[in-house]
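Presented below is the structure to which this report refers.
Chains as they are written, first to last, in the numbering used here: chain F, 1 to 146; chain H, 1 to 429.
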């Protein structure tokens, strides 16, 4: 079974793929990207919730750091959710410039965020949660998105 | 927030990198004007005073400033380390470097020893401060990835490049040292371009291409070995060029081959990128690949032409590669920083990144800059082209200055208004 770090990192690449498909469709016409947008938004939301509802909580319980890195990551999730929502609105109003402006911003924000997680948070989590790694990955895998 | 030396915060404040970014184009404009009023024959040789002054307005004033600004911004994100006292350090060293560069230009131009001496101290202190704090931060890194290794290696070359540069400035103050000038200048320029700038660019590219363009990742061999192989090449070149000059082409060919391979790889990765967008930053990457390929080969073959073409190599690699990448990066990083910092303060209605820099102006800037590079190269054969190209270069840099100032004006304007949302509950002190 993959470790927490491997599992969540692979999810980042998966969301990147959905992001690329969404932009590819959007470059033709915004109306043709609705399905791809939904797929990307769902992938990202699932990833956020796997962290917020499972991994972060386990990490905070084990380390006692509730105001630590997880709190900053939650804050960045809020920023990204906002951008994704605005992208949906840009699709609805068929505003291509707005859509690509938002997607560009989201892309950099998301990559910066992923890098911090992959470089710092996941290795820390893996280190503190080694003995529970399989259980946590299992829980994330079977989680139902709200 | 700090955890065992690890920080996950978005450090540093926006002013730390931006003060370097906003000043850099001014030095490029100055360089453009200096070329405009120079004689084409004096610019044909690398050791003429005009060439040295113009080169350093660009290498210290433009490239050095952008590289230092970017290190303050990227290191905390890439490596999760806090650069000690970065706000104060960047402010002080910035002032030292600005005045140091200006005094150096004036000192060399008017052969004034006092100005040169002051420039030497200011540049020495300014660079040492920045290199020291960045190195201290790197020492705290726990998970070394290939980009951070490249940054660390590049800093070693930066240190020696600066040291040699200070010595070279000394040779203009005290003539006793002048006999070593050409030899040291040669090492200074090769290590500066390929060691400091080249290795830093390679390291950052490993991250940036897959990240921003969803391009395929670089192969492990590339990420793990290339920086060491280039460093080894730079040492081989150093030893051969000093002791076995007839063999120095081996070192050159070694270094050039890896840079050429890198240029080809960048081209291929870009072609295989998953994001369909082709903005001006992609054009800059493409241009970089082409100029790096040409520059690498001209540099090797320059050996057979008794250094006639070394100025051409400087235009191809200094201008076509290093300047291109830096400008392309500015177009992404400045609007993002503005957006990011405003958003973190609770402003929700912020123009998107694409609305901060006028796309058409960015394209015009690109075209004028590329035209000037091609013009500079052909001015070897048609001297008349030099002035037109210098004009084109200067205008493109004025537009660049405007393009990086525009997002900052938006930043200032929005900051004067009230945030849409109080983020104080979410920010962590």
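For each residue, glycine too, the CB sits at the ideal point set by N, CA and C.
Predicted model, so just to flag it, every value in this text is computed and none were measured.
Neighbour-count burial assignment, residue 175 of chain H, 16 or more Cβ in a 10 Å radius: Taking the second chain and counting its residues from 1, one reaches residue 175 of chain H at position 175. Result: exposed.
Need the endpoints of the alpha helix (DSSP H) that residue 323 of chain H sits in, please. Numbered from its first residue, the second chain carries residue 323 of chain H at position 323. Where residue 323 of chain H is concerned, there is no enclosing alpha helix (DSSP H), given that its DSSP letter is neither H nor E.
Does any C-beta atom of chain H lie closer than 9 Å to the C-beta of residue 19 of chain F? Start at 1 with the first residue of the first chain, and residue 19 of chain F comes out as number 19. Closer than 9 Å: yes.
May I ask you to list, following chain order, the residues of the stretch 78 to 111 of chain F that have a beta carbon less than 8 Å from some beta carbon of chain H? 78, 79, 82, 97, 98, 100, 101, 102, 104, 105, 107, 108, 109, 111
What's the C-alpha gap between residue 116 of chain F and residue 8 of chain F? As a working note, residue 116 of chain F is residue 116 in the first chain. As a working note, residue 8 of chain F is residue 8 in the first chain. Looking at the two C-alpha atoms, the distance is approximately 13 Å.
Going by CA-CA distance only, name the one from H:224, H:184, H:169, H:252 that's closest to residue 194 of chain H. Mapped onto the second chain, residue 194 of chain H falls at position 194. Among H:224, H:184, H:169, H:252, the Cα nearest to that of residue 194 of chain H is on H:252.
Using the Cα positions of residue 96 of chain H and residue 94 of chain F, report the straight-line distance between them to the nearest angstrom. Along the second chain, one-based indexing puts residue 96 of chain H at 96. Along the first chain, one-based indexing puts residue 94 of chain F at 94. Distance between the alpha carbons of residue 96 of chain H and residue 94 of chain F: 50 Å.
Where residue 81 of chain H falls: helix, strand or coil (DSSP): Taking the first residue of the second chain as 1, we reach residue 81 of chain H at position 81. Strand.
For residue 264 of chain H, which residues from the same chain have a beta carbon less than 8 Å from its beta carbon, with the 5 sequence-adjacent residues on both sides left out? Here residue 264 of chain H corresponds to residue number 264 of the second chain, with the count starting at 1. Here the set comprises 289, 293.
Spatial neighbours of residue 120 of chain H within its chain, please: C-beta separation below 7 Å, excluding the five flanking residues on both sides. Position 120 of the second chain, counted from the start, is the residue given in the question as residue 120 of chain H. Around residue 120 of chain H: 166, 169, 170.
Identify which residue in F:131, F:106, F:85 has its Cα closest to the Cα of residue 213 of chain H. In the second chain, the residue the question calls residue 213 of chain H occupies position 213. For residue 213 of chain H, the closest alpha carbon among the candidates F:131, F:106, F:85 is that of F:106.
Residue ranges of each alpha helix (DSSP H) within the stretch 18 to 68 of chain F, 4 or longer: 34 to 49, 56 to 63
Closer than 8 Å is the cut-off here; do at least three beta carbon pairs connect the stretch 188 to 203 of chain H with the stretch 228 to 241 of chain H? Cβ pair count under 8 Å is three or more, so yes.
I'd like to know whether the C-beta of residue 60 of chain F is nearer than 9 Å to at least one C-beta of chain H. Locating residue 60 of chain F in the first chain gives position 60, where the first residue counts as 1. Judged by the 9 Å Cβ criterion, residue 60 of chain F is not in contact with chain H.
Chain B contact for residue 211 of chain H (CB, 9 Å cutoff): The structure shown has no chain B; the protein chains it does contain are F and H.
Specify the secondary structure class of residue 17 of chain H as computed by DSSP and reduced to three states. The residue you call residue 17 of chain H lines up with position 17 of the second chain. It is helical.
Can you list, in chain order, the residues of its chain with a C-beta nearer than 6 Å to that of residue 40 of chain F? Leave out the 5 residues immediately preceding and following it. Your numbering for residue 40 of chain F matches position 40 in the first chain. Correct list, in chain order: 18, 19, 22.
With a cut-off of 8 Å on the beta carbons, I'd call residue 129 of chain H and residue 93 of chain H a contact; round off their distance for me. Counting from 1 along the second chain, the entry for residue 129 of chain H is found at position 129. Counting from 1 along the second chain, the entry for residue 93 of chain H is found at position 93. Beta-carbon to beta-carbon, residue 129 of chain H and residue 93 of chain H are separated by about 4 Å, close enough to satisfy the 8 Å threshold.
Does the beta-carbon of residue 66 of chain H have 16 or more other beta-carbons within 10 angstroms, so that it is buried, or is it exposed? Counting from one through the second chain, the residue named residue 66 of chain H turns up at place 66. So residue 66 of chain H ends up on the buried side.
Alpha helix (DSSP H) runs contained entirely in the stretch 126 to 211 of chain H, provided each spans 4 or more residues: 146 to 173, 181 to 190
Rank H:132, H:218, H:330, H:36 by C-alpha distance to the C-alpha of residue 20 of chain H and give the top, closest one. Walking along the second chain from the start, residue 20 of chain H turns up at place 20. Minimum Cα distance to residue 20 of chain H is reached at H:330.
Less than 9 Å separating the beta-carbons of residue 229 of chain H and residue 63 of chain H? Stepping through the second chain from its first residue, residue 229 of chain H is reached at position 229. Stepping through the second chain from its first residue, residue 63 of chain H is reached at position 63. Their beta carbons are not under 9 Å apart, which means residue 229 of chain H does not touch residue 63 of chain H by this criterion.
Which value, in whole angstroms, describes the spacing of the CA atoms of residue 173 of chain H and residue 198 of chain H? In the second chain, counting from the first residue as 1, residue 173 of chain H sits at position 173. In the second chain, counting from the first residue as 1, residue 198 of chain H sits at position 198. Approximately 30 Å, taken between the alpha carbons.
Let me see if you follow: with CB-CB separation under 9 Å, is residue 142 of chain F close to chain H or not? The residue you call residue 142 of chain F lines up with position 142 of the first chain. So no, residue 142 of chain F is outside the interface.
Between the C-alpha atoms of residue 206 of chain H and residue 217 of chain H, what's the straight-line distance to the nearest angstrom? In the second chain, counting from the first residue as 1, residue 206 of chain H sits at position 206. In the second chain, counting from the first residue as 1, residue 217 of chain H sits at position 217. Just so you know, the alpha carbons of residue 206 of chain H and residue 217 of chain H end up roughly 7 Å apart.
Residues of the stretch 114 to 131 of chain F in Cβ contact with chain H at a cutoff of 7 Å, in chain order, please. 115, 116, 119, 120, 121, 123
With a cut-off of 8 Å, do at least 3 Cβ pairs link the stretch 374 to 393 of chain H to the stretch 29 to 43 of chain H? With the cut-off at 8 Å, the stretch 374 to 393 of chain H and the stretch 29 to 43 of chain H touch.
Within 10 angstroms of its Cβ, does residue 125 of chain F collect 16 or more other Cβ (buried), or is it exposed? To locate residue 125 of chain F, count along the first chain from 1; it is residue 125. It counts as buried.
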